[in-house]
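Single-structure report; data block below.
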Amino acid sequence: MVRWYRSLFLRIFLWFWSVVFIAMFTAVLTGLWIEDDYLREATPSETLLLVRMIERQRPVMVEDRKLWRRIRPGWNLVAAPMDMVSQLPHDLEEFVDEAADRSQVLRGQNDGWLLVGPIRRGDYLYVAVSRIGWQSILEDEGRWMLPAAMVLVVTILCFVLAWSLTRPIRRLQYAVKQLGGGDFDMSVLKVDGRRRDEIGALTNEVVDMAASLQRLLHSHQQLLRDVSHELRSPLTRLQIALGIARKKDTENRLGAEHARIERAVTQVDSLIGQMLDLARLQEQDQHQLQLSDGVVQEHLEQWLADADLEMAARQVSAAINWPAEPISAMWDWLLIERAFDNLLRNAIRFAPEGSALTISLQHQQDELVINIRDRGPGVPDDQLTRIFDAFTQVDTARDHAAGGYGIGLALVKRIAELHGGRVIATNAMPGLSVSLVIPIIFSEA
58 MVRWYRSLFL RIFLWFWSVV FIAMFTAVLT GLWIEDDYLR EATPSETLLL
108 VRMIERQRPV MVEDRKLWRR IRPGWNLVAA PMDMVSQLPH DLEEFVDEAA
158 DRSQVLRGQN DGWLLVGPIR RGDYLYVAVS RIGWQSILED EGRWMLPAAM
208 VLVVTILCFV LAWSLTRPIR RLQYAVKQLG GGDFDMSVLK VDGRRRDEIG
258 ALTNEVVDMA ASLQRLLHSH QQLLRDVSHE LRSPLTRLQI ALGIARKKDT
308 ENRLGAEHAR IERAVTQVDS LIGQMLDLAR LQEQDQHQLQ LSDGVVQEHL
358 EQWLADADLE MAARQVSAAI NWPAEPISAM WDWLLIERAF DNLLRNAIRF
408 APEGSALTIS LQHQQDELVI NIRDRGPGVP DDQLTRIFDA FTQVDTARDH
458 AAGGYGIGLA LVKRIAELHG GRVIATNAMP GLSVSLVIPI IFSEA
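So the numbering used here is basically just the index in the sequence shown, starting at one, shifted up by 57.
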């Protein structure tokens with residue numbers, strides 16, 4: 058249970074409220090500071106600006122108190138006869154008097170106007186005048202630094218908030234993706250589990266869920282192994298009884314029934330064997346692989362030769378396509394043979410009679426792609442990833458008629474994962490194309 062004063066809602070609310078308050082306070086303070094009057098000695102460059110204006114611009118003459126109405130945007134050159142200084146507007150007169158007291162050329166701000174001067178030439182006094190604009194803030198007393206610093210502070214605060222929220226969510230997303238792939242290691246969430254807010258609570262729930270799923274999967278695998286082992290004994294007795302019955306049937310009156318029973322026993326024995334193999338592979342890790350070096354093309358040719366009889370019975374041919382130069386790989390060849398055999402026999406099973414299988418080998422960067430394509434009916438697009446799950450069948454009647462139980466492709470997927478690879482199925486229109494993608498040199502993670 059997350060306490061209210063540690064809740065993420067309160068933290069986000071206070072964070073945004075503080076940022077808005079600081080921004081508003083600084084904006085008001087900056088506005089007052091920018092508008093505040095000041096006077097200082099003009100720099101050489103500012104004095105040179107006024108001199109150049111005297112040389113190049115036509116001045117605005119002070120003839121009456123309506124001077125400000127004739128000021129244009131930008132810098133304006135204002136000229137007043139020495140005997141008419143007293144007729145200058147009050148703000149400008151104060152500026153001229155202050156410059157006379159200091160005996161300096163000044164730069165300053167007064168009641169919303171920027172002033173540089175005065176400089177006397179002959180009988181005239183010259184002052185540069187401009188309205189205050191945002192472009193002038195960049196030039197005045199470093200006053201641009203306050204709003205710039207405020208923008209930087211607000212940016213940092215918002216970045217810290219966004220980072221503190223999104224980083225644990227990204228880790229959680231990664232962990233859930235791992236969980237979906239069968240990896241129950243949630244150590245990446247250890248840091249976030251110590252948080253006292255909603256994210257910490259959610260993280261702990263995900264960790265607990267992963268542990269529960271792992272226990273459930275282990276229980277399922279244990280049940281699968283126990284049931285498979287328990288079925289072995291009555292199945293063996295059934296095979297012995299079938300052999301005795303055949304010996305007693307000297308006239309072969311029950312030969313057809315015995316053959317039917319034998320086929321059923323063989324199917325059950327094959328199913329139990331596949332279930333035990335799958336359970337064993339689920340528990341096996343990458344360190345238990347029997348790795349050895351071998352030429353991939355030589356192994357593929359041997360495995361294809363072993364399937365000649367089954368292909369001939371279905372009148373199916375094989376069109377092979379792989380590089381002529383030998384490609385060596387460091388694999389557990391017994392397991393790779395099991396995966397290839399399952400893919401090949403699955404393709405033969407669903408290939409139309411008289412059709413051809415396409416078997417190819419491609420070298421892509423550090424991986425080898427073994428592809429088998431048939432000309433069968435394919436599978437629905439939404440089932441392309443599910444066919445590699447155990448006991449998953451797209452068409453139950455069709456799979457059972459063909460002798461499948463939804464375990465063979467699950468074995469292929471697990472063998473590929475043990476080698477750091479993957480298996481991919483796509484509809485080839487017509488047919489199904491299945492690619493076994495495995496690194497050439499397996500490196501234990």
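Backbone N, C-alpha and C fix where the C-beta goes; we use that ideal spot for every residue, glycine too.
On a predicted model such as this, the values are computed, not experimentally measured, just so you know.
- Considering only residues of the same chain and omitting the five flanking positions on each side of T104, which have a CB-CB separation below 6 angstroms? V162
- Beta-carbon spacing of A232, L246 below 9 angstroms: yes
- Query: Exposed or buried, which one is G182 when buried takes at least 16 other CB atoms within 10 Å?
  - Reply: Note on residue identity: the sequence assigns Leu, not Gly, to residue 182. It is buried - the Cβ of L182 has at least 16 other Cβ atoms within 10 Å.
- Return the CA-CA distance between L106 and L96, expressed in angstroms with no decimal places. 17 angstroms
- Message: Going by DSSP in three states, T483 sits in which element: helix, strand or coil?
- Response: strand
- Give the range of the alpha helix (DSSP H) segment to which R395 is assigned. W390 to F407
- Message: Closer than 8 angstroms is the cut-off here; do at least three beta carbon pairs connect the segment 394 to 414 with the segment 356 to 375?
- Response: yes
- Task: Look at L414 and L425 and say whether their C-beta atoms are less than 9 angstroms apart.
- Result: no
- Query: Between Q324, F152, T260 and D350, which lies nearest to V186 when the distance is taken from Cα to Cα?
  - Reply: F152
- Does the segment 428 to 443 touch the segment 293 to 309, meaning 3 or more C-beta pairs lie closer than 8 angstroms? no
- Take I297 and list the residues in its own chain whose beta-carbon comes closer than 6 angstroms to its own, dropping the five residues that flank it on each side. none
- Item | From I329, A268, S160 and S276, residue whose alpha carbon lies closest to that of L292 | I329
- Item | Enclosing beta strand (DSSP E) for S374 [first to last residue] | S374 to N378
- Message: Give me the DSSP bridge partner(s) of H420.
- Response: L425
- Query: Between the beta-carbon of L117 and the beta-carbon of L134, is there less than 9 angstroms?
  - Reply: With the sequence shown as reference, residue 117 is identified as Val, and Leu is not the correct amino acid for it. Going by C-beta atoms, V117 is nearer than 9 angstroms to L134.
- Query: Quick check: the segment 258 to 270 against the segment 235 to 249, are there 3 or more CB pairs under 8 angstroms?
  - Reply: yes
- Item | Contacts around L400, its chain only, beta-carbon distance under 7 angstroms, and the 5 residues preceding and following it disregarded | I429, V469, V491 and L493
- Query: Roughly how many angstroms lie between the CA atoms of R253 and V211, to the nearest whole one?
  - Reply: 25 angstroms
- Item | Reference D334, options I384, L392 and S290, closest by Cα | L392
- DSSP three-state call for E358: helix, strand or coil? helix
- Own chain, CB closer than 6 angstroms to M207, minus 5 neighbours either side, in chain order: T83
- Message: Within the continuous beta strand (DSSP E) that includes S102, where are the two ends?
- Response: Looking at the DSSP string, S102 is not in any beta strand (DSSP E); the run it does join, the alpha helix (DSSP H), is P101 to R113.
- Can the beta-carbon of I472 be found closer than 9 angstroms to that of L357? no
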